[in-house]
Every structure is written in C-alpha cells, then in structure tokens.
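Residue 135 in UniProt numbering sits at position 135 of the sequence shown; the count goes up by one each step and never skips. Glycine included, each C-beta is placed from N, C-alpha and C at the ideal position.
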Amino acid sequence: MKRINIFVEGQTEEVFVQKVLYEHFQPLNIFLTPILIRTGRKGKGGVSSYGKIRKQIYRKCHQDKKSFVSTMFDYYGLPNDFPGKNKLPNTDDPIKKVTYLENEFNKDISLPNFIPNFLIFEFEALLFTKTEAFGQWFETSVIEKLAQVRDKFSTPEHINDNPKTSPSKRIIKLCPRYKKIYHGTHIALDIGLNLIRKDCHHFNDWLNRLEKLN
Numbered sequence: 001m002k003r004i005n006i007f008v009e010g011q012t013e014e015v016f017v018q019k020v021l022y023e024h025f026q027p028l029n030i031f032l033t034p035i036l037i038r039t040g041r042k043g044k045g046g047v048s049s050y051g052k053i054r055k056q057i058y059r060k061c062h063q064d065k066k067s068f069v070s071t072m073f074d075y076y077g078l079p080n081d082f083p084g085k086n087k088l089p090n091t092d093d094p095i096k097k098v099t100y101l102e103n104e105f106n107k108d109i110s111l112p113n114f115i116p117n118f119l120i121f122e123f124e125a126l127l128f129t130k131t132e133a134f135g136q137w138f139e140t141s142v143i144e145k146l147a148q149v150r151d152k153f154s155t156p157e158h159i160n161d162n163p164k165t166s167p168s169k170r171i172i173k174l175c176p177r178y179k180k181i182y183h184g185t186h187i188a189l190d191i192g193l194n195l196i197r198k199d200c201h202h203f204n205d206w207l208n209r210l211e212k213l214n
C-alpha cells in the first residue's frame with residue numbers, strides 16, 4: 001500500500017482528488033489524500049507566495065517519510081517567488097516551461113518523497129477535453145462556443161494563461177452560471193478520467209508517475 005498526500009490550492013481540486021482520482025487509484029492500492037494549502041489570514045487556500053507553501057510541503061514530507069507528497073497547483077497565476085519563475089525557458093511551449101518549473105521546485109524541496117506537479121494552465125483546462133460534457137448543465141449555444149475555443153488549440157493544456165482568456169475566464173464568460181466547485185467536478189466525472197488523460201499529456205504523465213509508485 002502506498003499513500004500520497006496531494007496539496008491543492010482550492011476546494012475544486014480537493015473534491016476532484018476525492019471523487020475522481022481517489023476512485024482510480026484505490027484499486028491500485030494507492031490511497032490519495034488532498035490537503036488544502038493554507039496561505040491566507042483566515043486559512044483560505046490559494047498559492048499566494050512560495051515561502052508560505054514551502055513550509056507546509058516540507059513539513060509534510062518529513063512527518064511521514066513512508067508516504068509521498070505531491071501537488072496540484074495551477075501554473076496560471078503562479079507567484080513570482082516560485083523557484084525558476086523568473087528564469088523560464090524562452091519557448092512558447094507551456095509543457096517545457098512547466099517541466100522546468102517542476103524541476104526547480106523539486107530541487108528546492110530536495111526530498112525523495114516529493115513529486116512536484118502543476119496543472120497547465122489551470123484545472124478548468126481539463127474540462128475542455130470534452131466540451132459536450134457541459135451540455136447537461138448549459139445551453140447548446142454555450143457548448144458550441146466552448147467547442148470553438150477548444151478547436152483553436154492543439155490540446156486543452158495549450159489554452160493560454162492571459163488574465164482575460166485563461167480557461168476559467170473563458171468558461172465564466174460563456175457560462176455566467178458556472179460554479180467552479182459544483183460544476184467543475186461533475187463535468188470532469190462526466191468526461192471521464194481516461195479521456196482527460198488522453199488529451200492532457202502533462203496531466204497524464206503525472207498520473208503515470210504516481211501509478212508507478214506501487
């Protein structure tokens with residue numbers, strides 16, 4: 001049996017780990033526990049500064065050296081004090097940038113039971129794997145517009161991180177009734193993990209690595 005503690009930055013990711021990832025990994029005798037990162041004054045989640053989250057990750061890695069610690073943080077909006085953030089590779093490929101950041105993150109924590117991971121660009125990118133899955137909740141015209149967005153990019157993970165056009169901003173603009181925690185997880189469940197993994201290559205690589213721990 002292997003245990004993996006996954007630090008997440010919001011309730012949506014927390015529920016996603018509980019409802020989607022846990023069900024996949026349990027038959028593999030791998031048990032996932034989401035941990036909501038605490039960075040705000042009132043204990044709220046969100047990655048506001050690297051210094052605050054580093055302490056929590058480092059502490060958890062040391063508390064139980066037989067378990068693993070990973071992360072599910074959005075690459076979009078990552079604070080500038082993150083290791084390597086100001087020295088990103090000169091490339092338009094987001095996967096190369098994130099891989100570089102994960103390596104720098106890993107070097108800074110420097111513990112054998114730590115596995116860094118970022119979502120490209122954020123959780124909502126995964127939902128663009130199958131825009132038809134929004135159909136249970138929103139009008140056909142909305143689904144068609146979401147499909148048009150998806151068709152402009154090679155993969156969901158390439159939908160850009162502009163503050164006005166990030167995946168979540170695009171969804172909210174087209175679906176004002178979209179509720180991140182409620183709709184996000186339900187739509188992901190409707191899409192199915194296998195299809196998400198097929199289209200979101202970096203996300204799939206992370207899950208492959210976790211699966212090999214057993």
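Per DSSP, cross-strand counterpart(s) of residue i
| i | result |
| --- | --- |
| THR71 | PHE7 |
| LYS2 | ILE30 |
| ILE35 | PHE7 |
| LEU119 | ASP74 |
Alpha-carbon to alpha-carbon, residue j and residue i
| i | j | result |
| --- | --- | --- |
| residue 284 | PRO79 | Outside the modelled stretch of the chain, which goes from 1 to 214, sits residue 284, for which no answer is possible. |
| PHE118 | VAL98 | 7 Å |
| ASP190 | ASP92 | 31 Å |
| PRO27 | CYS175 | 36 Å |
| ASP205 | LYS198 | 10 Å |
| PRO167 | GLY46 | 17 Å |
Three-way DSSP call (helix, strand, coil) for residue i in this model
| i | result |
| --- | --- |
| LYS169 | helix |
| LEU210 | helix |
| ILE159 | coil |
| PHE114 | strand |
| LYS55 | helix |
| ASP81 | coil |
| SER141 | helix |
| LEU88 | coil |
Neighbourhood of residue i by C-beta, 7 Å cutoff - its chain only, sequence neighbours within 5 removed
| i | result |
| --- | --- |
| THR131 | ILE143, LEU146, ALA147 and ARG150 |
| ASN86 | ASN80 |
Close-in-space but distant-in-sequence residues of the same chain around residue i (CB under 6 Å, 5 per side omitted)
| i | result |
| --- | --- |
| GLU157 | ILE120, ALA125, CYS200 and HIS202 |
| GLN11 | ILE181 |
| ARG170 | VAL149 |
| PHE25 | LEU32 |
Own chain partners of residue i with C-beta closer than 8 Å, once the 5 adjacent residues on each side are dropped
| i | result |
| --- | --- |
| LYS96 | PRO89 |
| PRO83 | TYR50, LEU101, GLU104, PHE105, LYS107 and ASP108 |
| LYS2 | ASN29, ILE30, PHE31, SER67, PHE68, LEU213 and ASN214 |
| THR155 | ASP199, CYS200 and HIS201 |
Nearest-angstrom Cβ-Cβ length linking residue i and residue j, presumed shorter than 8 Å
| i | j | result |
| --- | --- | --- |
| ARG209 | ILE109 | That pair is no contact at about 16 Å. |
| GLU122 | TYR76 | 4 Å |
| THR129 | PHE16 | Going by Cβ atoms, the distance from THR129 to PHE16 rounds to 13 Å, so no, they are not a contact pair. |
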